[in-house]
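The structure under discussion appears below in the form of structure tokens.
There are 2 protein chains.
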Amino acid sequence: MNDGSYDSRQAVRPVLIAGAWQTAASSETFQAYNPATGQKLPEIYPVSAWPDLEKALAESRRICQEVASISPEKRAVFLNIYADLLEKNQEAITTMAHLETALPLKSRLRSTEFPRMINQLRQAAAAVEERSWCQATIDTKLNIRSKYGPLGGAVVIFSPNNFPLAFNAVAGSDLASAVAAGNPVICKAHPGHPGTTRLMAECLLDALEEAGLPASTVQMLYHFRAEDGFHLVSHPAVAAVAFTGSRAAGLRLKEAAEKAGKLFYGELSSVNPVFFLPGILKEKAEAVALELFSSCSLGCGQFCTKPGLIVFINDEAGRKFLWRLQQIFNQPLSGYLLSPAVLENLKKAVDKLKASGAVLLAGGNQIPNCGFQFQTTLFAITGTQFLQNPETFQQEAFGTLAVAVVADDFEQMLKISEKLEGNLTASIYSSGSEQDEELYRKLEPIIRLKVGRLLNDKMPTGVAVSPAMHHGGPFPATGHPGFTSVGIPAAFLRFSARYCYDNVREDRLPEELRAKNPNGRMWRLVDGHWTQSDL
Amino acid sequence: MNDGSYDSRQAVRPVLIAGAWQTAASSETFQAYNPATGQKLPEIYPVSAWPDLEKALAESRRICQEVASISPEKRAVFLNIYADLLEKNQEAITTMAHLETALPLKSRLRSTEFPRMINQLRQAAAAVEERSWCQATIDTKLNIRSKYGPLGGAVVIFSPNNFPLAFNAVAGSDLASAVAAGNPVICKAHPGHPGTTRLMAECLLDALEEAGLPASTVQMLYHFRAEDGFHLVSHPAVAAVAFTGSRAAGLRLKEAAEKAGKLFYGELSSVNPVFFLPGILKEKAEAVALELFSSCSLGCGQFCTKPGLIVFINDEAGRKFLWRLQQIFNQPLSGYLLSPAVLENLKKAVDKLKASGAVLLAGGNQIPNCGFQFQTTLFAITGTQFLQNPETFQQEAFGTLAVAVVADDFEQMLKISEKLEGNLTASIYSSGSEQDEELYRKLEPIIRLKVGRLLNDKMPTGVAVSPAMHHGGPFPATGHPGFTSVGIPAAFLRFSARYCYDNVREDRLPEELRAKNPNGRMWRLVDGHWTQSDL
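Just so you know, the sequences run in chain order A and B. Heads up: the first sequence begins at 419 in my numbering, then just goes up one per residue. Heads up: the second sequence begins at 419 in my numbering, then just goes up one per residue.
This is how it looks when you write it as structure tokens:
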């Protein structure tokens, strides 16, 4: 790992453009924070000015066709080598991530998130090599054949603050998907963890070179101004944008990108409602209260799938449940918020909830003088309050904060469900016996149309990387409810165009569409039948 | 077929809202033209004011959940009954379509377009019943299951002028797909053929009732103001918009829809370039010139896949080819333009080409006093002219109009291909022997990234309805290069959300995701293997 021109801790870190670490065109700099102390870390990173973005765009355009022509095998080699190099540097990477995010080193970064990141890269490699993801479809009589292929422009990835490894712009699910699908990539690091991103980008550059891919297949900038971001996502060299972050910032980027005809995949916000039907709270209120707290406080409440809205009925079991929740949420907290911005946003959310008449049952205050800490916080409102003000009570805020909505009765619970915005997930907890079944059958059809992933008796955190996983949902949770950002190979489809070949001569077809199955393992839809055979 | 309140030829036709023909809220009216005479037809149709749109939206919202719960079998029954009823009324429908569009009754409307429309509805019915389209994906170990399902909001369909039957808002591919996928639909008829649309909508209402679907599953308005259209596509009750029409109108709707978080599928324009490599013109210039003319003049040049840009090299064979094209394009024309608007647009396009220095080789003038007719028109420009002004020479205009781009050499042909915008199709004609092979291998990778469907030795008109067909392409041909508007069942996916079920109890799963394959025929991806078996 060698970043070339950098030679002093006080110098500004170079950016990765056109296959080399270059001094940034920059008149501004920034530093990351150590959330555990609240102090800035010493390393200095550039806020790139437009010339950096322009250089990266020109390079992406230059290599776009070459990247599209890289064989699936070679793409897989790169992804695997990259995973290997990251693993070799696991110690340095996770230590840096811990410093920059204060996420627990052992339980979270080393044992969970780092392996998840590696697993994603390896799964992507396997899926690329297997080739079924491109959904080769062949109509033999008409000689029309189609498959998914590269977009023909760069994919720009904006990564979030909350997963410095598994959703990092240079190594996460979006990166793996965009490269797997054959596109050049321009990454914007999250300014909360630039050092982590730098260490991984160094591995990335080595992996590109070792695998024989163009060294500029993936480029990385640490930061740039919002205005430059709008120009970037609407530039002719760009085909698609993947954004994970705040709804306000995401919607502005979405508008700029879509106005210019670019694809925009945004993961924009979600409160992940959890409904408790009456039976389950009679049966095991204590267990589910603990389960809820555990999910809500995971990563200090900084998961996009954090259960932030809890709905149950004001019966005896419901009141006991709320009482118990209040006790649990009043326990001393552990963990740090990722940045001053997260802290400020959480304070504002609390103030807004208070101003809107929600009752504070636990927490509600910053913990001063020890990094970015905020009390574990629980609010309660009545179902009527929710129905009077549904937008206010559905605002996502990172931090261990939940709003309990106590419905008068099941009819009101249904009305509440109808007022939900699009969400990534919703959970319905119900009795192990049949007693909640009728209610479930009334509630589920409403919920189903409003979320990507519907869970039974399970909290929404923990998003497995598997083919059936769907991490997406109706607007405003994401921009398109048909696409997922997690789950391989489905996540590749965001960065793919459909390629149709009509009457094209056999030896000019891509391997996936020729008579012979390219590897004997690839699934193809031939005349309406899925098969691994040759034609 | 009975449209209720209508009782006089001078009365304003009612609109189809909430399952009944209702008097429109309207202060303006319009009449369609007979393109063969240039005269207005007598029937009077309303330009709906906002209250009509609002009523339709409220009704779509009211029935959205009910429509989503209609079984696949029942949806298929509706589509088949609708096809039957249309067939029973074929005579009246095609006669009206002929009157309103002047498209040839026998060769086009009765023998080609009507059967295509019926075929699409029946293919959609079969695909819905078979269920494979929803791409059921099951990970048994994790108990995560996914499939495509309804969007949870209305689909709004804006249909084009050029296919009064097969792409009609109330009976075309978009309608079949949106209903098949389980969504309520609001159709905007094209004002060029309101009578045709009315006759079909009458069948539609009967079919909905006979099949036992909510009678308001599909609603239809004839026309409304542009401003009301923007409000419509951004309304909370709407989930997606399908638009086929002009780029200017489409982009304005796209912006309004996307800003509100709605899915917008637009087919916006395409010049469908045809490249002739040197060998083919030596071998059979005469045959391909006739083939080109035949495709270009199909439907009087009013196909979205009309070959409008022809690229070849200035060698002896190329010059002969152009000479021959000039003769062919100078033949007397047959056919009518669809409307005064198409005529005006074509005149403007001709004026612009002239002003930009293109040489007029054939046609170029309106034929007065006999309906909407315009001469068959051919322009020529040099490759250098194209490269100096690529946008001007890529403007779609309906009518039998083509621009021949004569490149200095193959290198210039490559440069021309690099300046192409996103298109629905591109064709490459090459020698039957190996002599063009090297050139093909250089040209194809550039073209591939810019079009949806790539053809060899074949003109782009004729878009088969088959699973591998892709009728789409990169922006600005469409809004998303991964989706197709033709090709069943792929076209359904535009109007579908991904539904994920995490740990959901077996008897609460949709049939497609339970252990038992619902019909023994449906393909499902179970633990990475496509199978028709039960779990």
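Backbone N, C-alpha and C fix where the C-beta goes; we use that ideal spot for every residue, glycine too.
Check	Outcome
What are the residues of the region 864 to 877 of chain B that lie near chain A, defined by any Cβ-Cβ distance shorter than 9 Å?	I864, R866, L867, K868, V869, G870, R871, L872, L873, N874, D875 and K876
What do you reckon, are the CB atoms on B/P725 and B/S713 nearer than 8 Å?	yes
How would you list, in chain order, the residues of chain A whose beta-carbon sits under 8 Å from the beta-carbon of B/E446?	None at all; the shortest Cβ gap to chain A is about 31 Å.
Nearest-angstrom Cα distance between A/M419 and A/L617?	Confidence in A/M419 is poor, its pLDDT being 40 and thus under 50, which makes the residue's placement too unreliable to answer from.
Considering only the alpha carbon of each residue, which of B/A599, B/T441, B/P453 and B/Y500 lies closest to B/S487?	B/A599
Starting from A/G697, follow the alpha helix (DSSP H) in both directions and report where the run begins and ends.	P696 to C714
Are the C-beta atoms of A/I575 and some chain B residue less than 8 Å apart?	no
Runs of 4 residues minimum, wholly inside the region 641 to 687 of chain A: which ones carry the alpha helix (DSSP H) assignment?	644 to 651 and 665 to 677
Within 8 Å, do at least three Cβ pairs link the region 889 to 899 of chain B to the region 732 to 747 of chain B?	no
Roughly how many whole angstroms lie between the Cα atoms of A/T512 and A/A520?	11 Å
State the Cα-Cα distance for the pair B/G697 and B/V824, rounded to the nearest angstrom.	15 Å
Which residues in the same chain have their Cβ closer than 6 Å to the Cβ of A/S550, if we skip the five residues on either side of it in sequence?	M940 and W941
Classify B/C482 as buried or exposed, calling it buried when 16 or more other Cβ atoms lie within 10 Å of its own Cβ.	buried
Kindly indicate which residue of A/E929, A/H888, A/D920 and A/F585 has the alpha-carbon position closest to the one of B/H888.	A/D920
Leaving aside the five residues before and after A/Q793 along the sequence, list all residues of the same chain whose C-beta is less than 7 Å from its C-beta, in chain order.	L751, G781, G782, N783 and I785
Mark A/Q457 as exposed unless 16 or more other C-beta atoms lie within 10 angstroms of its C-beta, in which case mark it buried.	exposed
Could you tell me the distance, in whole angstroms, from the CA atom of A/D421 to the CA atom of A/N452?	A caution first: A/D421 carries a pLDDT of 45, below 50, which makes its placement in the model unreliable, though a value can still be read off. About 23 Å.
With DSSP as the reference, identify every bridge partner of B/W551, one or two as the case may be.	Beta-bridge pairing links B/W551 to no other residue.
To which residues of the same chain is B/F682 closer than 8 Å at the C-beta, ignoring the five residues directly before and after it?	V651, A658, V659, F661, L671, K672, A675, E676 and G897
Quick check on A/V821 - is its C-beta less than 8 Å from some C-beta in chain B?	no
Which residues share a DSSP beta bridge with A/Q784?	A/F792
Per the DSSP calculation, B/I511 is bridged to which residue(s)?	Beta-bridge pairing links B/I511 to no other residue.
Is it right to say A/Q806 is buried, meaning 16 or more other beta carbons lie within 10 angstroms of its own, or is it exposed?	exposed
To be precise: take each residue of the region 568 to 597 of chain B, compare its Cβ to all Cβ atoms of chain A, and keep it if any distance is under 9 Å. Which residues remain?	P568, L569, G570 and G571
Pairing CB atoms from the region 535 to 554 of chain A with CB atoms from the region 867 to 881 of chain B, are three or more of them under 8 Å?	no
Shortest alpha-carbon distance to B/S954 belongs to which of B/N787, B/Q791 and B/R926?	Residue 954 of chain B falls outside the range modelled here, since chain B spans only 419 to 953, and no answer is possible.
May I ask you to report which of helix, strand or coil DSSP gives A/L911?	helix
Tell me the DSSP secondary structure of B/V922 in three-state form.	coil
Whose C-beta lies closer than 8 Å to the C-beta of B/A450 among residues of the same chain, with five residues either side of it excluded?	K458, L459, E461, Y463, E518, P609, G610, H611, P612 and G613
State the Cα-Cα distance for the pair A/R427 and A/T447, rounded to the nearest angstrom.	Its pLDDT being 46, under 50, A/R427 is placed unreliably in this model, and the value from its coordinates should be taken loosely. For A/R427 and A/T447, the distance between alpha carbons rounds to 14 Å.
Looking at chain A, is there any beta carbon in it that lies within less than 8 Å of the beta carbon of B/D854?	no
Are at least three pairs of beta-carbons, each pair with one atom in the region 621 to 631 of chain B and one in the region 488 to 507 of chain B, less than 8 Å apart?	yes
Taking only beta-carbon positions, decide if A/P979 is within less than 8 Å of chain B.	Outside the displayed range of chain A (419 to 953) lies residue 979 of chain A, so it cannot be described from this structure.
By DSSP's criteria, B/M831 is part of a beta bridge. Which residues make up the other side?	Paired residues: none, contrary to the question.
What residues from chain A crowd round B/S487, counting only those whose CB sits closer than 7 Å?	P863
Give the range of the alpha helix (DSSP H) segment to which B/S591 is assigned.	S591 to A598
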